[in-house]
Every structure is written in structure tokens, then in C-alpha cells.
């Protein structure tokens, strides 16, 4: 149906970040791969989407960008959705020789294919493909203008239910509550926290501005070439044990995120050393910067997202994300646990700062004062000063089903940003799924890189019981 014939009632303005992600050359997508333990039933999925996802306003609206042939104000236009047009079931040879490799190629090709802007910007591909980790596969692609990765993943999980209780929403790990203190000590602790927060915010914000304006990565080994096409991107994922990560975490008195970030640093360091023979160079620290995104949405309960689809709730939606710039420890270390200690040092500083809020405010202020072009240039400058995007998302602690299909694993990633390496880690019950998106012109052997990251965990697991935690050298 042509856009000019759409119903104009209920139009909504497009947020600045949604406009940014829809600019030519900046189309960004979120790709979610869902492995199922049972054979897929497309009709069940279609019926389930009709009762859930399309009830969300963004998933039943067309984005009019306001640039190109249709000049004007960007807006969301409600439309009638034919769900069958958004669910693709390709014909696949049941006797395919290497189904895991086929899945990697299919996901990569799917990410690269253009999305029809005359329809709501989402789609599901249902693959009757038995891989080493699943009996069938569902791949969802969401345009980033619909919302940030955290909100889209949460909304997708709000469409699932517990396997043990088909009416119950997934359960996530509850945050630990701080121990009660007396009033005097509480006041002292609060004042000390505020002082540390102000100090670290000033330091981290100044560092970030220096990196964006003057510094950036001092090595080009993981940098994509300016203006290069993204036709050679590759998606791969591997599944490891969450318990093994927790064992290292408990032995070192750290967090799961510290261990995961340490694994990435160790794996990247070994990869650079092996591929470019940097043994001598990496004896002194090599500066590589990564981007880590933070969810700034105050309302994070999955129940609210479920209500949004069922009742049209006014729960806050859209792109509400901040970022921090993190230096990766690329020095060659004899002690594998040093990468985890450095990760903890870095993460603790970021947690004690308001850098994510500052970065969000900077992007918003740039848009409001200088316009969309200036915002686009700032975003390019930020990503041009970094080489890696890292994210870690906590998933359900109990097995869930997707419209009756019991889930084996969930792997999520982002495509369209000019980074040569995107590492996304998703937990699911007792598993950790490592999803790597690479530019093959920069990293031609992503499986080897992934192997090195996983091997780093094994080395940490062996070394952790023999070591005592001590403060990292700065």
C-alpha cells in the first residue's frame, strides 16, 4: 500500500535517534537468532505475532524519514499489518552438508539485504534447519529506528513464556539488595559515594572528549578502511558454560561482566600477537578503544513491555541509550588473570561515573542545537575513534518458549555500525552465547578469534583457584 494512502490518524513524531539511524549510509539493524529445540511451525509463529508484537505501535507503523523524495517532517504513520509478509520461510535442502556454516552465511546475507521502507521495519525468517545446537532456527531483524537493542530484546522476550508455566513471563536475575546500615553510616556512605561519583564523572568525561577530539586508537590492525562497503561481514556464535564463568568470578571475587570483558581482552591480545607477530610490540601496552552501551530507561520490567503489547501501555519507548568509551588492555601478559583485573579496574570506574548520561545528553544537545547533520558527523567521529563494540545482556534464568517452541539459545548482534568487530554476549539459563560480527577484510578468521576468547576462559578457570585476588596495577 502506498504511503500516501495510509491512515493519517495517530501519527507520531520520530525521535532524533530514530532519524539518525534511518539516514542513508547509517541504516542500523538488530539481528536476533533463536535456536529452538523443536521443529518450527510457521503458522503458530504468525498467529503469535498477531496477538503480541504488532499491537506495539512501532511494529504497526511505517517510518516516513522526511528525506529523499518525500521531503518533510519525519513521522510514524500507523498502518494495517499483514504479518504473513513479515514472516519468511525459505526453502532449504534438508540434506544440506554443513548446516552451521549455512546458518552463518544466511544470517550475514540477511543482514546485508535492504529492508522495504514501505512496510513496518521488522521481519522474521523461520529456517527448517537442524544445526549442532538446535532443531530449527528463527532469525529476527529489527531496524534500529524502532528502538535500542536492549528494549527490542526485552520486547521480544516479552513475547515468550516459561516452559514450566505457559502463562508466566520469563524470570531474570534480581539485583542484589544492599545491607541495611544505621542512619549515621548511611549518610557518610552516601556523601562518600557522591564525592566519588563527581570525581570519576569528571575524569571519565574528560578522557572521552580527548579520545573523540584528539586521540582514538593508536593501532590500525582492527580498523576498517574509510568508506569501505560492509558486504563482507560475517556473523558467528558459540555457546559456552555460564557455570565456568561463575567459577572464575567467585574465585576472584569479581562480577560475571568483569570476567567476560577480561576474556575479550585476552583473546584479542593473543589474536593480534599471532596474526601480526606483535610479541615485542605488545610488551608495552597498545591502545584500542571499545564502545559499551548503557540502557538509560528507568522502566525496565518485562511486565511493562508485555502490557504495552496487550493494553497499549504508555511505557517509555524508543532509543534511550548512552555509551562509554573503554580502553582495552592489549598488553601481552604472562598472567592470564591480569586481563580480568584490568577489566574490573576499568568497569568499576565506569560504574562510578555519569558518563553514559553525559554521552546521551551530548548527542541530544548536538541534535537540538546543530541539527541532524552535525549529529551524524559526531556519531561517525565517535565510532571512528574506536574499533570494538562490546555488550553483555542478562537473559532468562529458566527455559522459555517462543510461541510454543522451546528455546535452546538466543544470540543477538548489531549490524550497520562502521566497526570491524562487534562482540555481543547473551546469557540463557546455564549458557552463555558469544556472538561475533566481523568485517572479513579486517578479521578474515573470526572462528579463530572466537576460539582464542573461549580458550582464555579455560586458562582463567585453571589459573583462578591457584591465585589470590589482589588490586590491579594502574
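In full-length UniProt numbering, the protein residues as written are 1 to 474.
We treat Cβ as the ideally placed atom computed from N, Cα and C, and that holds for glycine.
Quick caveat: nothing in here was measured; it's all calculated off a predicted structure.
Go to residue i, then tell me how far its alpha helix (DSSP H) extends in each direction, as first and last residue.
| i | result |
| --- | --- |
| residue 388 | Here residue 388 belongs to no alpha helix (DSSP H); instead the beta strand (DSSP E) covers 388–393. |
| residue 157 | 149–157 |
| residue 197 | 183–213 |
| residue 51 | 42–51 |
| residue 346 | 338–351 |
| residue 112 | 99–112 |
| residue 39 | Unbroken run through residue 39: none, as it is neither H nor E. |
| residue 444 | That residue, residue 444, is in no alpha helix (DSSP H); it is neither H nor E in DSSP. |
| residue 242 | 242–252 |
Restricting to Cα atoms, I'd like to know which of the options is closest to residue i.
| i | options | result |
| --- | --- | --- |
| residue 80 | 43, 120 and 105 | 120 |
| residue 291 | 323, 276, 268 and 57 | 323 |
| residue 464 | 58, 327 and 259 | 259 |
| residue 414 | 133, 377, 147 and 398 | 147 |
| residue 165 | 439, 239 and 402 | 402 |
| residue 238 | 82, 387, 18 and 104 | 104 |
| residue 77 | 167, 84 and 59 | 59 |
| residue 150 | 443, 135 and 31 | 31 |
| residue 161 | 434, 452 and 395 | 395 |
| residue 426 | 441, 436 and 410 | 410 |
| residue 114 | 29, 424 and 135 | 29 |
| residue 110 | 438, 263, 235 and 439 | 235 |
| residue 347 | 98, 333 and 293 | 293 |
| residue 383 | 393, 351, 361 and 422 | 422 |
| residue 430 | 240, 436, 356 and 257 | 240 |
Would you call the CB atoms of residue i and residue j closer than 8 Å?
| i | j | result |
| --- | --- | --- |
| residue 329 | residue 265 | yes |
| residue 416 | residue 27 | yes |
| residue 156 | residue 432 | no |
| residue 420 | residue 267 | no |
| residue 126 | residue 48 | no |
| residue 52 | residue 137 | no |
| residue 232 | residue 93 | no |
| residue 453 | residue 263 | yes |
| residue 133 | residue 408 | yes |
| residue 357 | residue 296 | yes |
| residue 169 | residue 183 | no |
| residue 340 | residue 171 | no |
| residue 355 | residue 189 | no |
| residue 332 | residue 273 | yes |
Can you confirm whether residue i, when its beta carbon is compared against all beta carbons of chain B, has any partner nearer than 8 Å?
| i | result |
| --- | --- |
| residue 427 | Here there is only one protein chain, and chain B is not present. |
From what residue to what residue does the beta strand (DSSP E) around residue i run?
| i | result |
| --- | --- |
| residue 125 | 122–127 |
| residue 33 | 29–36 |
| residue 322 | 321–329 |
| residue 59 | No beta strand (DSSP E) holds residue 59; DSSP gives it neither H nor E. |
| residue 439 | 431–439 |
| residue 402 | 400–402 |
Who are the Cβ neighbours of residue i in its own chain at under 7 Å, not counting the five residues just before and after it?
| i | result |
| --- | --- |
| residue 22 | 63, 65 and 145 |
| residue 211 | 289, 325 and 385 |
| residue 406 | 36, 37, 38, 163 and 399 |
| residue 447 | 236 |
| residue 42 | 87, 89 and 126 |
Tell me whether residue i sits in a helix, a strand or coil according to DSSP, three-state version.
| i | result |
| --- | --- |
| residue 226 | Bear in mind that a pLDDT of 44 at residue 226, under 50, signals an unreliable position, so the model cannot answer this. |
| residue 234 | strand |
| residue 90 | coil |
| residue 132 | coil |
| residue 140 | strand |
| residue 162 | strand |
| residue 78 | strand |
| residue 417 | coil |
| residue 374 | helix |
| residue 169 | coil |
| residue 332 | coil |
| residue 273 | helix |
| residue 21 | helix |
| residue 118 | coil |
| residue 385 | coil |
For residue i, collect the residues of the same chain with a Cβ closer than 6 Å to its Cβ; drop the 5 residues on either side in sequence, then sort them by chain order.
| i | result |
| --- | --- |
| residue 225 | Low local confidence applies: a pLDDT of 48 at residue 225 is under 50, so the model's placement there is unreliable, and no value is given. |
| residue 353 | 200, 201 and 204 |
| residue 459 | 336 |
| residue 270 | 452 |
| residue 438 | 234, 421 and 446 |
| residue 436 | 236, 423, 446 and 450 |
Within its chain, find whatever has a CB closer than 8 Å to the CB of residue i; leave out the 5 residues flanking it on each side and keep chain order.
| i | result |
| --- | --- |
| residue 349 | 200, 203 and 204 |
| residue 61 | 12, 76, 77, 78, 79 and 120 |
| residue 375 | 16, 20, 363, 366 and 367 |
| residue 247 | 461 and 464 |
| residue 122 | 53, 59, 86, 140, 141, 142, 143 and 146 |
| residue 480 | The first residue shown for the chain is 1 and the last is 474, placing residue 480 beyond what the model contains. |
| residue 45 | 87, 124, 126, 138, 402, 403 and 405 |
| residue 249 | 255, 256, 258 and 259 |
| residue 379 | 20, 26 and 363 |
| residue 351 | none |
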